[in-house]
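Remarks on the structure that follows.
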Amino acid sequence: MERPLEYYDPNEIIQTDSGNKISRKSTIYGSQSITIAGKTIVNSGSILRGDLKKQGSQFAISIGKYCYISKGVKIIPPARLVNGIEAFYPIRIGDHVYIGENSQVKASSIGSNVYIGKNCVIGEFVVIKDGAYINDNTTISPHAVIPSWTVWYGKNQFSDDFLAASFLQYMENLTRECYFKFLPKSR
Numbered sequence: 218m219e220r221p222l223e224y225y226d227p228n229e230i231i232q233t234d235s236g237n238k239i240s241r242k243s244t245i246y247g248s249q250s251i252t253i254a255g256k257t258i259v260n261s262g263s264i265l266r267g268d269l270k271k272q273g274s275q276f277a278i279s280i281g282k283y284c285y286i287s288k289g290v291k292i293i294p295p296a297r298l299v300n301g302i303e304a305f306y307p308i309r310i311g312d313h314v315y316i317g318e319n320s321q322v323k324a325s326s327i328g329s330n331v332y333i334g335k336n337c338v339i340g341e342f343v344v345i346k347d348g349a350y351i352n353d354n355t356t357i358s359p360h361a362v363i364p365s366w367t368v369w370y371g372k373n374q375f376s377d378d379f380l381a382a383s384f385l386q387y388m389e390n391l392t393r394e395c396y397f398k399f400l401p402k403s404r
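Numbering follows the working numbering, in which position 60 of the sequence shown is assigned residue number 277; successive positions increment by one, without gaps.
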């Protein structure tokens with residue numbers, strides 16, 4: 218299915234030298250601790266918590282290229298208590314990742330070519346391998362490992378269906394299409 222054109226107010230988007238398009242209506246804490254490879258879109262209402270960084274770590278959030286972060290998404294580094302003190306750990310997101318509206322992500326690692334639907338809750342320290350599909354309204358419990366080529370739905374349930382090898386190409390096409398069809402409104 219072909220994605221429709223998505224228009225934005227040019228005054229609302231900041232475009233970086235590497236082609237990232239970041240909404241001024243998103244909330245980004247600790248931007249110096251967030252790396253975004255390029256050609257990634259961060260939509261309005263999204264929250265990226267780069268301020269929650271492990272001491273001595275180079276980054277709190279690392280996002281690959283051609284990622285699409287929908288409206289209302291929260292990306293928060295995972296945390297655990299260490300000697301009674303909350304310690305945060307980095308989150309790595311690969312290339313060609315789509316995160317649907319109002320999803321909350323506290324994973325430690327999301328591979329490349331991953332689709333996360335809308336209204337999902339990805340628990341702390343979850344590892345999602347390359348080429349996984351998380352349906353809308355899915356909850357993944359903390360510390361779960363989501364294997365490649367699997368489809369997940371509901372609460373920690375996976376389908377007997379496995380993704381075809383063409384899913385990787387599908388995700389690359391989807392995220393590139395999201396980027397190239399995200400256009401400024403003409404005045």
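Virtual Cβ for every residue (Gly too), placed ideally from N, Cα, C.
Between Val331 and Gly301, the CB-CB gap reaches or exceeds 8 Å. Each of Asn319, Val368, Ser326, Tyr315 was checked against the Cα of Pro294, and the nearest Cα belongs to Ser326. For Gln386, the enclosing alpha helix (DSSP H) starts and ends at 383-397. Under DSSP, Thr252 forms a beta bridge with Ser279. In this structure, Pro401 places its C-beta atom within 8 Å of the C-beta atom of Tyr225. Rounded to whole angstroms, Arg297 and Glu341 show a C-alpha spacing of 9 Å.
Shown here, Pro364 sits in coil according to DSSP, grouped into three states, outside any helix or strand.
Pairing Gly317 with Asp353 gives a Cβ-Cβ distance under 8 Å. Residue pairing by DSSP places Pro359 in no beta bridge whatsoever. Distance between Gly236 and Lys271, taken at the CA atoms: about 28 Å. In the structure shown, Thr244 adopts extended strand secondary structure according to DSSP, grouped into three states.
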